[in-house]
Every structure is written in structure tokens, then in C-alpha cells.
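Encoded as C-alpha cells, the structure appears first; notes follow it.
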Amino acid sequence: MGTGKHSKHMALALALSMVLGLGTAMSASAQEARIAAVNSDRILRESAAAKAAQSKLEQEFSKRDKALQDMAQRLKSMSDNIDKSGTSLAPSDRAARQRDLAQLDADFQRKQREFREDLNQRRNEELAAVLDRANKVIKQIAEQQHYDLIVQEAVYVSPRIDITDQVLKALAASSAGTGSSSN
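Under mature numbering (1 follows the signal peptide of the UniProt record, and there is no 0), the letters of the sequence shown match residues -30 to -1, 1 to 153, in that order.
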């Protein structure tokens, strides 16, 4: 019977050591988890790819923007002219000028709305392309440096785990390597 008691103690000791060993292994595993964070807003503000996209958009929309500014100036001039002429105009002339002004204003509002919609759509397309390239770079960094988790949005990020600068450099290097940067 003494050996039965001894084997129960051994089994208990073995079970206890397995539980403790498992706990230690889990703790060691948790300590080995590599976590990093990336600030997406900084990527969209500071990366060469984002700056190139912004420059491309400015160039693409500059003519339409200038045309809208000219149209706004024409509207102001027409309005000032109507106000200045005041009572010296015949009522029918004044009404015709006000109709022309209202028509030009409606045209201006429509073109301005279309401009904003087109610009927003193109900006979203360009920023999505920048984020797609950044995500590929982040994935490469994660694989090369054996990160288990990289987050892009967080309430607080310790500078110790912030790899945004590294991503910006890698993104610049990949842009330079592919020739897609317009610096």
C-alpha cells in the first residue's frame, strides 16, 4: 500500500510540475510576442508617396481650380456692377442682369460641387494606393523582424514599439527602387 501512496504523490507532483511548467511556458511565450505600432496618419502626411500623390492631385486639378476662381471673380464683379448701377438701370435691364447673375451663380455652385466630389474621389483613390503600399511594407517588416502583431490605430503607443519611422524609410526605399516616387 505504501507504493500506491508513493505513486499518488509522484502523480500529483508530476501533474503539479506540468501545470507549473505550462504556466511558465505560457509566460515565456507571452514575453516573446513581438508587438509594434504604426501611425497611419504620419504615413499619409510624411511619406514621399503621399507627398507625390498630393502633388499629382494639385497638378491634375489646378486648371479646374483656376477656372472656378476666375468664375467666382466674375460673379463678384457682376454683383458689384449691379449694385453700383443701382437705380440708374432700367428695371428690365436690372432684372436681366440679376437673372444672368443667378444663372452664373447656379452654374458656379454646380461646378464647385462637381470639383469637390471629383477631388475627394481622386484623393481617396490616391490615399488608398499609398496605404496599400504602406501595408505591403509593414507586412515585409513584420515578416523580416518576426513581429506577431502590428497595430495601426491605438489610444496610446509607447515610442519603444512605434516603428513608423522605419516604415517611412522602407516606403521611401521601395519608392526609390521602383522609380514611382516623383521627388
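Where a beta carbon is used, it is the ideal one built from N, C-alpha and C, also for glycine.
Under DSSP, Asp132 takes part in a beta bridge, and its partners are Ala7. Between the C-alpha atoms of Ala143 and Leu101 there is a straight-line separation of about 16 angstroms. Inter-segment contact for the segment 123 to 133 and the segment 76 to 83 is absent: fewer than three beta-carbon pairs are separated by less than 8 angstroms. Secondary structure of Val137 (DSSP, three-state): helix.
For Arg64, same chain residues with a beta-carbon under 8 angstroms away, outside a window of 5 residues either side, are Ile52, Ser55 in chain order.
Following the DSSP letters along the chain, one finds Leu59 in no beta strand (DSSP E), marked with neither H nor E. A distance below 8 angstroms between beta-carbons, with the five flanking residues on each side excluded, links Asp132 to the following residues of its chain, in chain order: Ala6, Ala7, Val8, Asn9. Taking 8 angstroms as the cut-off, the beta carbon of Ala19 is found closer than this to the beta carbon of Ser145.
Residue Leu14 holds the alpha-carbon nearest to the alpha-carbon of Arg93 among Glu2, Leu14, Asp75, Arg67. The Cβ-Cβ distance between Leu138 and Arg103 does not fall below 8 angstroms. Note on geometry: alpha-carbon atoms of Arg69 and Ala76 lie some 10 angstroms from one another.
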